[in-house]
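Asker: Shown below is the structure under consideration.
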Amino acid sequence: MDPLADIVPLARRELERARDSLARTGWEASERVHEARKALKRARALLLLLPPGRGARDGARAARDAARALGAARDAAALAEVVDRLCRDRPESAPDLAPVAAALAAGVAVREAPSAAALECALGAVALAVDGIDTASEATGASFAAGLRRAYASARRCWREAHEHPTADAFHELRKQSKAHAVHLGLVAPAWPAVLDAHAGTLVELGAALGDEHDLGLLLAALPSLPGGERCHEPVVTRRDERRAQALSLASRAFAERPRALTRRLEALVAAARSAPAAPDAWERVRRRLAKSAPGTVQE
Numbered sequence: 019m020d021p022l023a024d025i026v027p028l029a030r031r032e033l034e035r036a037r038d039s040l041a042r043t044g045w046e047a048s049e050r051v052h053e054a055r056k057a058l059k060r061a062r063a064l065l066l067l068l069p070p071g072r073g074a075r076d077g078a079r080a081a082r083d084a085a086r087a088l089g090a091a092r093d094a095a096a097l098a099e100v101v102d103r104l105c106r107d108r109p110e111s112a113p114d115l116a117p118v119a120a121a122l123a124a125g126v127a128v129r130e131a132p133s134a135a136a137l138e139c140a141l142g143a144v145a146l147a148v149d150g151i152d153t154a155s156e157a158t159g160a161s162f163a164a165g166l167r168r169a170y171a172s173a174r175r176c177w178r179e180a181h182e183h184p185t186a187d188a189f190h191e192l193r194k195q196s197k198a199h200a201v202h203l204g205l206v207a208p209a210w211p212a213v214l215d216a217h218a219g220t221l222v223e224l225g226a227a228l229g230d231e232h233d234l235g236l237l238l239a240a241l242p243s244l245p246g247g248e249r250c251h252e253p254v255v256t257r258r259d260e261r262r263a264q265a266l267s268l269a270s271r272a273f274a275e276r277p278r279a280l281t282r283r284l285e286a287l288v289a290a291a292r293s294a295p296a297a298p299d300a301w302e303r304v305r306r307r308l309a310k311s312a313p314g315t316v317q318e
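Shown next as structure tokens:
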């Protein structure tokens, strides 16, 4: 595969997109936060492809911190949404969940916009992330394949950890690493869309299941402080456990290959896309994907 020459400017572009989203006028606050967090997560995922030196590590941590600074407003809305879905999926529990839903909806109205302090913290972290990228750009001799293999191996370890020790922290780590792998795979998916888009689709489903698991965990922690929350524990736990089981099933397919085998397969597909006379435009699609932007497969 090609060197990482395109990854540093691509990650910088995502950080600039996050900064511009936060400062944009004419958008609802929730939309600005949503777009900024997506861009920050894409930037962090791209930085994971770089050699594990100080610059890449510092940039990834700063991007993570920026997303966290914006998390409170997102979490309030996510809790309201997950209760709404739970009411639709389990109508028999809707009467018990109604007071919780009303309280959360009121909370969203109060916390729709991030505080000025949160915005300042996020913008400061974005600046630090850009500094980290500037340092990381000095790295030489790195390869996309090495970064992909390293990140995929980390995601695979997280899947096994969540399977063996199904804690909230284990599933949270699996969620982060799965999102990163979705970004990485999306960069080369144009080499053979019929095959790689199916893998990417599994990662989208996995991200949705892990997102629900995360939000249901937040809801469980919030229930004691919400009106009528004591009556809602059982349906929330049941749904969380269902989503955990679905996530583990999806992850068993998404991360079935060993890291070296996956990397070799993708290297071969990219090489074929670059040279095959029957598909001369496939490599150009990969090049355009790298030059344009990371794919929008990372979800909240």
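The sequence shown begins at 19 in our numbering and counts up by one. Don't be surprised by glycine CBs; every beta carbon is placed ideally from N, CA and C. Owing to the predicted nature of the structure, the values given are computational and were not obtained by experimental measurement.
1) Tell me, to the nearest whole angstrom, how far the beta carbon of residue 189 is from that of residue 265; I am working on the premise that it is less than 8 angstroms.
2) What is the DSSP secondary structure of residue 34, counted as helix, strand or coil?
3) I'd like to check one pair, residue 245 with residue 118: are the Cβ atoms closer than 8 angstroms?
4) Could you give the first and the last residue of the continuous alpha helix (DSSP H) run that contains residue 52?
5) Within 8 angstroms, do at least three Cβ pairs link the segment 75-83 to the segment 213-231?
6) Please go through the same chain and pick out, in chain order, the residues whose beta-carbon is closer than 7 angstroms to the beta-carbon of residue 123, but skip the five residues on each side of it.
7) Are residue 54 and residue 32 close, meaning C-beta to C-beta below 8 angstroms?
8) Of the choices 181, 212, 276, whose alpha-carbon is the least far from that of residue 267?
9) Using beta-carbon positions only, say whether residue 63 and residue 36 come within less than 8 angstroms of one another.
10) Measuring only the C-alpha atoms, how far is residue 144 from residue 59?
11) Going along the chain, which unbroken runs of the alpha helix (DSSP H) with 4 or more residues stay wholly within the segment 212-279?
12) Residue 199 to residue 251, Cα distance in whole Å?
13) Could you tell me the distance, in whole angstroms, from the CA atom of residue 103 to the CA atom of residue 109?
14) Please tell me whether residue 69 and residue 170 are closer than 8 angstroms, where the distance is taken between their beta carbons.
15) Run through DSSP, which three-state label would residue 281 get?
16) CB residue 320 to CB residue 273, shorter than 8 angstroms?
Answerer: Based on what the coordinates show:
1) That belief holds up - the Cβ atoms of residue 189 and residue 265 are roughly 7 angstroms apart, short of 8 angstroms.
2) Judged by DSSP in its simplified three-state form, residue 34 adopts helix.
3) It is a contact, given that the beta carbons lie within the stated cut-off.
4) According to the DSSP assignment, residue 52 belongs to the alpha helix (DSSP H) that extends over 47-65.
5) Counting Cβ pairs under 8 angstroms, fewer than three are found: no touch.
6) The residues are 98.
7) In this structure, residue 54 lies away from residue 32, with their beta-carbon atoms at least 8 angstroms apart.
8) Among 181, 212, 276, the Cα nearest to that of residue 267 is on 181.
9) No, the pair does not count as a contact, with Cβ atoms beyond the cut-off.
10) Straight-line Cα distance between these residues: approximately 12 angstroms.
11) Whole alpha helix (DSSP H) segments, 4+ residues: 251-272.
12) Their Cα atoms are separated by approximately 33 angstroms.
13) The straight-line gap from Cα to Cα measures roughly 10 angstroms.
14) Contact flag unset, no.
15) DSSP, reduced to helix, strand and coil, places residue 281 within a helical segment of the structure shown.
16) An answer regarding residue 320 cannot be provided, because it is not within the stretch 19 to 318 covered by the chain.
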